[in-house]
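Below you'll find the structure, written out as structure tokens, and then a few comments.
Numbering (the working numbering), first residue to last: 2 to 228.
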């Protein structure tokens, strides 16, 4: 394979890595808030935060263009300070992180809700501050579910196509990710390149899913086996 084949692969790994980091921070934070605090409108916010999981990627891409485009709500303000996100790899990161966010959010929320609140209360009684309770009790106990969500988010960001194409475009060497490169190779009739990129993407995603599967259902398998 020629060097250009590796360019979208490396760019995709960079975009997926940054997108997963953003989705992890935002998703875990939102999950903790919704799992611990009861307030009106919580269910509505949960539905809104989960929306990227079910909306067509092109719809998400359109929303991002409306928000971040030159005449967008935020894009116009960002342009005034010299920040451009449309047709950049940073824009691809934003698109991929939005799509991957619900996977971290839902997994982290389930993990936090499964943490025994009595353990958190015991830590507070022992004089541990609230931040200490989160980092020394809640996060370690929910780590397995959170990491599983992070792995799924990485796999989702790795294969993101629609929203990325709309917000970042298809600029070889700059914004052309694996999924976009595969689409272009198929359109051009370059079966060798398409097959190679599809194989790389499939192997990576299968490996990630296997790793996530080993983290999530262990408790369920043990209870089913009577262990």
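Idealized CB from N, CA, C, for every residue including glycine. Predicted model, so just to flag it, every value in this text is computed and none were measured.
Check, Outcome
"Cβ-based burial, residue 42 [other Cβ within 10 Å; buried from 16]", "exposed"
"CB contact flag (residue 10, residue 172, <8 Å)", "no"
"Cut-off 7 Å between Cβ atoms - residues of its own chain near residue 170, not counting five sequence neighbours on either side", "88, 176"
"Contacting residues, own chain, Cβ-Cβ under 8 Å from residue 204 (five flanking each side not counted)", "none"
"Continuous alpha helix (DSSP H) stretch holding residue 138: start and end", "Premise fails: residue 138 is in no alpha helix (DSSP H) and is neither H nor E."
"Close beta carbons around residue 222, own chain, < 6 Å, minus the five adjacent residues each side", "At residue 222 the pLDDT is 44, less than 50, meaning the model places this residue with poor confidence; the figure from the coordinates comes in the next sentence. Around residue 222: no qualifying Cβ."
"Contacts around residue 209, its chain only, beta-carbon distance under 8 Å, and the 5 residues preceding and following it disregarded", "152, 153, 155, 156, 159"
"6 Å Cβ shell around residue 25 - same chain, five flanking residues per side excluded", "105, 151"
"Residue 97 beta carbon less than 8 Å from that of residue 161", "yes"
"Beta-carbon gap between residue 53 and residue 94 smaller than 8 Å", "no"
"Endpoints, alpha helix (DSSP H) assigned at residue 121", "118-126"
"Residue nearest to residue 58 in terms of C-alpha spacing, selected from 197, 163, 168, 207", "163"
"Cβ contact check for the region 137-149 and the region 111-119: 3 or more pairs under 8 Å", "yes"
"Simplified DSSP assignment, three categories, for residue 113", "helix"
"Contact check, residue 181 vs residue 165, beta carbons under 8 Å", "yes"
"Proximity to residue 147 [Cα-Cα], best of 12, 102, 46", "102"
"Euclidean distance between Cα positions of residue 206 and residue 39", "36 Å"
"Cβ separation of residue 86 and residue 79, assumed to be a contact under 8 Å, to the nearest whole Å", "7 Å"
"Pair within 8 Å by beta-carbon distance, residue 138 and residue 120", "yes"
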